[in-house]
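Novice: The numbering of the sequence shown is our numbering, which starts it at 31 and goes up by one.
Note that CB positions come from ideal geometry on N, CA and C, so glycine has one too.
All values derive from a computational prediction rather than experimental measurement.
Below is one structure. I have some questions about it.
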Amino acid sequence: MLSIKRRALPLVPTYSITTHKSQGQTLNKVVIDLKLPKDTDDIAAVYVPLSRVKRLNGLIILRHFDYKVFQIKPSKSQVAEIQRLNKLYMETQMRFSEWF
Numbered sequence: 031m032l033s034i035k036r037r038a039l040p041l042v043p044t045y046s047i048t049t050h051k052s053q054g055q056t057l058n059k060v061v062i063d064l065k066l067p068k069d070t071d072d073i074a075a076v077y078v079p080l081s082r083v084k085r086l087n088g089l090i091i092l093r094h095f096d097y098k099v100f101q102i103k104p105s106k107s108q109v110a111e112i113q114r115l116n117k118l119y120m121e122t123q124m125r126f127s128e129w130f
């Protein structure tokens, strides 16, 4: 009779998603890798994954990263969209002032 004993780290079933897939979701726990590829200049690559978690204690940052990822400037189209939304907000606020 052959006796075999197996030893291993306990495995926990899980899954992963991309930043784009996570948009619009709210998650209880998130592990994020903020070490971005050198050619990444999209501010959403940092903001979106950080803003998916409900509480700070549900956030784990996988490894050390360059703090400059927080200094990525928004693109011209992002700035234009923010300006458009701000203008729309002001117009809505004036039109429905009794609600604000």
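Go through its chain and collect everything with a Cβ distance to Lys106's Cβ below 7 Å, but skip five positions before and after it.
Specialist: There are no such residues.
Novice: Please state if the CB of Lys117 and the CB of Ile73 are separated by a distance shorter than 9 Å.
Specialist: Taking 9 Å as the Cβ cut-off, Ile73 and Lys117 do not qualify as a contacting pair.
Novice: If you compare alpha carbons, which of Leu41, Leu64, Ser46, Val83 is closest to Leu92?
Specialist: Measuring from the Cα of Leu92, the nearest candidate turns out to be Leu64.
Novice: Based on the DSSP secondary-structure assignment, which residues constitute the bridge partners of Val61?
Specialist: BP columns for Val61 point to Ile90.
Novice: Indicate whether Met83 and Leu57 have their beta-carbon atoms separated by less than 9 Å.
Specialist: For the sequence presented, residue 83 should be read as Val rather than Met. In contact: Val83 and Leu57 (Cβ atoms closer than 9 Å).
Novice: Could you say which of Arg37, Gln113, Trp129, His50 lies nearest to Leu80 if we only look at CA atoms?
Specialist: Among Arg37, Gln113, Trp129, His50, the Cα nearest to that of Leu80 belongs to His50.
Novice: Report yes if the C-beta distance between Ser46 and Val78 is below 9 Å; otherwise report no.
Specialist: Not closer than 9 Å, so no.
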